[in-house]
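Counting from 220, one number per residue, gives the positions in the sequence shown under our numbering. Glycine included, C-beta positions come from ideal geometry on N, C-alpha and C.
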Amino acid sequence: SMVLEERLRRHLSTHKGFTARAKDWAIVYSELFDQKSFAISREQEIKKWKSKTKIVELITK
């Protein structure tokens, strides 16, 4: 979606953390939610995952 693409663009142009030097980020997975709070909760859940296998399974469904 345009909102997601704009969010990534802003992140790449203003980010100053560990990933600031990496400019090759791409959106490979997204979900739609009716409420922003649900989307934030889901994002936090996925970010807590430590298993690369679990993340790969999610994005290759």
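Sub-8 Å separation of residue i and residue j beta-carbons
i: W268; j: I274; result: yes
i: I246; j: L277; result: no
i: R261; j: E250; result: yes
Spatial neighbours of residue i in its chain, beta-carbon cut-off 7 Å, leaving aside the 5 residues before and after
i: K242; result: L231
Contact with chain D by residue i, beta-carbon distance below 8 Å
i: L277; result: The chain labelled as chain D is not found in the depicted structure, where only one protein chain is given.
Which runs of the alpha helix (DSSP H) fall wholly inside the region 233 to 270 and span at least 4 residues, in chain order? 255 to 267
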